[in-house]
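As structure tokens, the structure follows; a few thoughts come after it.
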Amino acid sequence: MLILTSTEAANRMRIALRGSVLLWFGAWMAWLMRADTAFLQRIDTSRIFGALRPVFEWYSDWGLFFFYVPFIALLVYGMHTRHPLSKLVGFAYVHAQVFGTLLLTYVIKIGCGRPRPHAASVHDALCQAPSFAHAFHSFPSSHTVNVAVGAIFVLILLRSRVAAMLALTATLLMALARVGTSEHFLSDVLAGLALGVAIAGVVMHVYLLPRWREIETATTQ
Numbered sequence: 003m004l005i006l007t008s009t010e011a012a013n014r015m016r017i018a019l020r021g022s023v024l025l026w027f028g029a030w031m032a033w034l035m036r037a038d039t040a041f042l043q044r045i046d047t048s049r050i051f052g053a054l055r056p057v058f059e060w061y062s063d064w065g066l067f068f069f070y071v072p073f074i075a076l077l078v079y080g081m082h083t084r085h086p087l088s089k090l091v092g093f094a095y096v097h098a099q100v101f102g103t104l105l106l107t108y109v110i111k112i113g114c115g116r117p118r119p120h121a122a123s124v125h126d127a128l129c130q131a132p133s134f135a136h137a138f139h140s141f142p143s144s145h146t147v148n149v150a151v152g153a154i155f156v157l158i159l160l161r162s163r164v165a166a167m168l169a170l171t172a173t174l175l176m177a178l179a180r181v182g183t184s185e186h187f188l189s190d191v192l193a194g195l196a197l198g199v200a201i202a203g204v205v206m207h208v209y210l211l212p213r214w215r216e217i218e219t220a221t222t223q
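Its first residue numbered 3, the sequence shown is counted upward by one per residue in this note's numbering.
Put into structure tokens, the structure is as follows:
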């Protein structure tokens, strides 16, 4: 069976949330130990990364659709066929993206006001002062939040190892692309991954799993 049970999904969600804590710690350490600067310098002086910059720029713009398309298609399919689990998962994904990636992430960006790599030194405070300017919306990376949400949905819903590997690859490539285009520091993308995992976990715990269990109960009666 390709789809996990709600119990299996809940177990995977707990593991993912533990990983989120480690990612938050990694983001803090990257800033504290100045790995942000070292990583950016390595990328700036690398011929390989220089050659790949157009690819990173393209993927930054279009990589989000790697998850948008299948989950929106799943929602449309569920609504059209009245398949309860498909519709539920589609709505859960939309909720996570709207209330998590779009609203929560940008509230943090505005409140934090961290300069992007081209705007100021990484050694300044992680959060300086609230700002509405795009150049001061470095922390966290909303692109990595976005793809992390999609990846966690895939990892927690599907039993397929191929799907899991594709989801993880797409997510890590986005994190690398955002640093490779000098839009974010390493700590920004690590925090984005952590926040995306946390958002997906909260939505699943509050919205998806209780309703999923109801569907499973109804189908077994």
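Note that the Cβ used here is the ideal one computed from N, Cα and C, for glycine as well.
Check: Name the DSSP bridge partner or partners of residue 5?; Outcome: 160
Check: From which residue to which residue does the alpha helix (DSSP H) around residue 82 run?; Outcome: 67 to 83
Check: What are the boundary residues of the alpha helix (DSSP H) that includes residue 115?; Outcome: Run containing residue 115: none; DSSP gives neither H nor E here.
Check: Which residues in the same chain have their Cβ closer than 6 Å to the Cβ of residue 88, if we skip the five residues on either side of it in sequence?; Outcome: 76, 79, 80
Check: Looking at C-alpha atoms only, which residue of 49, 103, 86 is the closest neighbour of residue 224?; Outcome: The first residue shown for the chain is 3 and the last is 223, placing residue 224 beyond what the model contains.
Check: Using CA coordinates, which residue listed in 144, 137, 142, 68 is at the minimum distance from residue 153?; Outcome: 68
Check: Go through its chain and collect everything with a Cβ distance to residue 137's Cβ below 8 Å, but skip five positions before and after it.; Outcome: 117, 118, 120, 121
Check: Between the Cα of residue 28 and those of 190, 18, 215, 16, spot the shortest distance and give me the residue it belongs to.; Outcome: 190
Check: If you run the structure through DSSP and keep just helix, strand and coil, what is residue 31?; Outcome: helix
Check: In terms of alpha-carbon separation, which member of 13, 130, 178 lies closest to residue 149?; Outcome: 178
Check: State the DSSP-derived secondary structure class of residue 22, mapped to helix, strand or coil.; Outcome: helix
Check: Return the first residue and the last residue of the alpha helix (DSSP H) that residue 58 is part of.; Outcome: 49 to 64
Check: Hey, how far is the Cα of residue 99 from the Cα of residue 147?; Outcome: 9 Å
Check: Residues in the same chain with beta-carbon distance under 8 Å from residue 134, minus the five sequence neighbours each way, listed in chain order, please.; Outcome: 112
Check: DSSP state of residue 105, grouped into three classes?; Outcome: helix
Check: For residue 107 versus residue 144, is the C-beta spacing smaller than 8 Å?; Outcome: yes
Check: Using C-beta distances below 7 Å, list every residue in its chain close to residue 93, excluding the 5 sequence neighbours before and after it, in chain order.; Outcome: 77
Check: What residue range does the alpha helix (DSSP H) around residue 218 cover?; Outcome: 211 to 222
Check: Using only the alpha-carbon positions, how far apart do residue 5 and residue 156 sit?; Outcome: 10 Å
Check: Which word fits residue 50, buried or exposed, when buried means at least 16 other C-beta atoms lie within 10 angstroms of its C-beta?; Outcome: exposed
Check: Would you kindly work out how many angstroms separate the C-alpha atoms of residue 21 and residue 199, rounded to a whole number?; Outcome: 8 Å
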